[in-house]
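Protein chains in written order, with my numbering: chain A, 43 to 325; chain B, 43 to 325. A virtual CB, placed ideally from N, CA and C, is assigned to each residue, including glycine.
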């Protein structure tokens with residue numbers, strides 16, 4: 043069985059038809075009333091998370107689990123995250139643990155072991171510490187999405203700066219990602235080392251794609267944060283692959299549908315996103 | 043009561059006499075046999091951690107808790123970390139949660155809330171995402187040690203690169219730290235925003251100190267990793283303050299002392315480190 047993370051994701055995308063990833067960022071005061079009533083904090087988060095997963099699994103090949111939202115509740119939240127990830131896997135979803143860890147050596151190995159034990163396929167990681175901050179995740183059989191060009195406005199303060207050799211800091215990080223990724227190709231042609239590249243930063247994206255031809259881009263910022271169809275089009279590979287568009291609020295907190303449960307509204311939002319993104323990558 | 047994190051740390055250093063921090067990085071197969079016998083994985087880790095804290099508290103004002111070592115055991119490990127940090131606080135120690143988180147906005151706020159709920163005073167964080175990756179920790183009343191110049195050899199691949207304006211990437215990060223820190227001064231004159239600067243990178247340290255005069259440097263790499271007394275001397279402020287030298291293996295896994303328990307050996311190692319560092323910063 044091929045367990046290369048990029049191949050697993052590629053296969054899952056083929057199966058559902060659209061490279062979308064639902065960002066599971068559950069925040070208590072934004073949950074539907076039906077989830078909160080008669081349930082205490084972390085129980086409500088978990089009930090909601092399971093419901094979202096059930097609703098989106100037919101349309102989304104992947105889920106991005108925001109570790110912070112669960113860690114917020116300490117060890118009880120961490121236990122809830124473990125069960126949530128297990129549920130996502132039972133639905134056949136590829137799991138990206140959005141933990142943005144960035145340590146080295148044995149500490150990074152511990153984070154990798156923790157993520158692998160939970161059942162994650164990919165982890166988001168920081169590359170600021172150099173290659174030894176990323177390699178331990180790969181050695182554990184996980185894929186990594188390295189933070190290259192993040193969607194928040196003030197990331198420019200670091201990532202847009204020019205090096206003396208003409209590259210931006212983000213492009214330097216992209217070269218590091220491509221180098222680390224070259225040793226980890228899947229049979230799909232995509233590497234186990236991917237990159238986080240925000241849809242809102244797609245003007246930098248063409249150069250980043252040229253530097254990372256075999257990387258999957260995990261792309262936040264579409265929709266609610268302002269990223270548009272043309273931004274995604276810029277970031278995909280010529281063959282339409284190599285992107286995983288992640289959306290959170292627009293899917294998990296949709297407009298209610300009159301007479302329908304919140305889960306139906308979530309499913310509809312995921313279906314709509316999947317159709318939009320499929321059109322973009324196939325055009 | 044003054045609860046500014048830099049002031050708390052400064053006071054704790056005055057009380058114990060030396061700016062050292064014990065790195066609590068417990069790894070199962072390195073624990074003394076006395077800790078492992080008759081205890082399962084995470085129970086052994088916790089038993090050891092409590093013993094280390096009890097042993098070092100008279101000599102070390104601070105402990106750096108490596109989150110990865112606990113997360114390695116999932117939610118049970120996380121619960122053990124919560125109890126370990128509570129124990130460190132009960133001993134009057136300042137707690138640095140070495141979590142190296144690096145997210146933004148509400149996710150960063152969640153990490154901050156999690157750390158604060160556990161009782162941490164400081165958190166290690168990545169600045170690659172820009173100011174919005176650091177500010178939420180400060181808003182939660184925590185101090186932050188931002189990764190600026192880490193002690194691992196291959197950090198040069200990122201942090202030593204030159205920008206077009208002549209600064210290194212690490213110096214750029216230092217300027218960001220100083221800027222963020224300027225708004226968070228304690229009555230000690232030290233800022234709530236500190237920096238991780240490895241002892242093994244002290245040749246870069248003079249320039250970093252010039253850019254960050256009011257920052258506490260959390261300094262790994264002394265001893266086992268090769269950092270020497272002159273490295274620490276280079277990184278301190280002219281008044282001898284502004285450094286927190288962290289050591290893990292040399293303190294928590296010391297040479298056994300014939301006829302004494304492992305806890306006595308740990309206490310002796312902490313006492314020795316404290317004396318060494320006190321001499322360096324006071325010279």
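For the pair of segments examined, the stretch 123 to 132 of chain A was found not to touch the stretch 121 to 128 of chain B: the number of CB pairs separated by less than 8 angstroms stays below three.
In the structure shown, residue 51 of chain A adopts helical secondary structure according to DSSP, grouped into three states. Proximity of the stretch 205 to 212 of chain B to the stretch 169 to 180 of chain B falls short of the contact definition, fewer than three beta-carbon pairs being nearer than 8 angstroms. For the pair residue 152 of chain B and residue 317 of chain A, the Cα-to-Cα distance works out to about 32 angstroms. Membership of residue 198 of chain B in the alpha helix (DSSP H) is indicated by the continuous run 198 to 201. Against chain A, a Cβ distance below 8 angstroms from residue 218 of chain B picks out 199, 200. Non-local C-beta neighbours of residue 290 of chain A in its own chain, meaning closer than 6 angstroms and more than five positions away in sequence, comprise 65, 67, ordered along the chain.
Across the set A/103, A/81, A/275, the C-alpha of A/103 shows the shortest separation from the C-alpha of residue 56 of chain A. The beta-bridge partner set that DSSP reports for residue 77 of chain B is empty.
For residue 178 of chain B, the nearest beta carbon of chain A is not closer than 8 angstroms to its own beta carbon.
Non-local beta-carbon contacts of residue 201 of chain B in its own chain, meaning distances under 6 angstroms to residues more than five positions away in sequence, involve 191, 211, 212 in chain order.
With 16 or more other Cβ atoms inside 10 Å of its own Cβ, residue 119 of chain A counts as buried. Listed along the chain, the chain A residues whose CB falls inside 7 angstroms of the CB of residue 114 of chain B are 152, 155, 156.
Taken in chain order, the complete alpha helix (DSSP H) segments of 4 or more residues contained in the stretch 158 to 215 of chain B are 177 to 181, 198 to 201. For residue 126 of chain A, DSSP assigns no beta-bridge partner whatsoever.
The Cβ of residue 194 of chain B sits closer than 8 angstroms to at least one Cβ of chain A. The CB of residue 168 of chain A comes closer than 7 angstroms to the CB of 144, 168, 170 in chain B, given here in chain order.
Counting the other Cβ atoms within 10 Å of the Cβ of residue 183 of chain A gives fewer than 16, which makes it exposed. In the same chain as residue 47 of chain B, and ignoring 5 residues on each side of it, the C-beta atoms closer than 7 angstroms to its own belong to 163, 164, 184, 185, 234, in chain order.
In the DSSP annotation of this structure, residue 133 of chain A is not part of any alpha helix (DSSP H), being labelled neither H nor E.
Setting aside the 5 residues that flank it on each side, residue 81 of chain B is surrounded in the same chain by 89, each with a C-beta closer than 7 angstroms to its C-beta; the list follows chain order. In the three-state reduction of the DSSP assignment, residue 269 of chain A falls in the strand class, which pools E and B. For residue 87 of chain A, the secondary structure class from DSSP, reduced to helix, strand or coil, is helix.
Chain-order list of chain A residues neighbouring residue 204 of chain B: 205, 206, by C-beta distance under 7 angstroms. Runs of the beta strand (DSSP E) lying entirely within the stretch 237 to 261 of chain B, each at least 3 residues long, are 259 to 261 in chain order. Looking at the DSSP output, residue 143 of chain A sits in a beta bridge with A/167. 8 angstroms or more divides the Cβ of residue 166 of chain B from the Cβ of residue 130 of chain B.
Here DSSP, grouped into helix, strand and coil, assigns residue 153 of chain B to helix. Per DSSP, residue 301 of chain A lies in no beta strand (DSSP E) segment and is marked neither H nor E. Within the stretch 276 to 320 of chain B, the runs of alpha helix (DSSP H) at least 4 residues long that lie entirely inside it are, in chain order, 291 to 294.
At a cut-off of 8 angstroms between C-beta atoms, residue 111 of chain B counts as an interface residue with respect to chain A. Restricting attention to A/256, A/223, A/217, A/249, the CA atom closest to the CA of residue 231 of chain A is found in A/256. In its chain, beyond the 5 residues on either side, 182 have a beta carbon closer than 7 angstroms to the beta carbon of residue 155 of chain A.
At a beta-carbon threshold of 9 angstroms, the residues of chain B lying near residue 124 of chain A are 116, 117, ordered along the chain.
Any Cβ of chain A closer than 8 angstroms to the Cβ of residue 159 of chain B would place that residue at the interface, and such an atom is present. Our two residues, residue 139 of chain B and residue 106 of chain B, have alpha carbons roughly 6 angstroms apart in a direct line.
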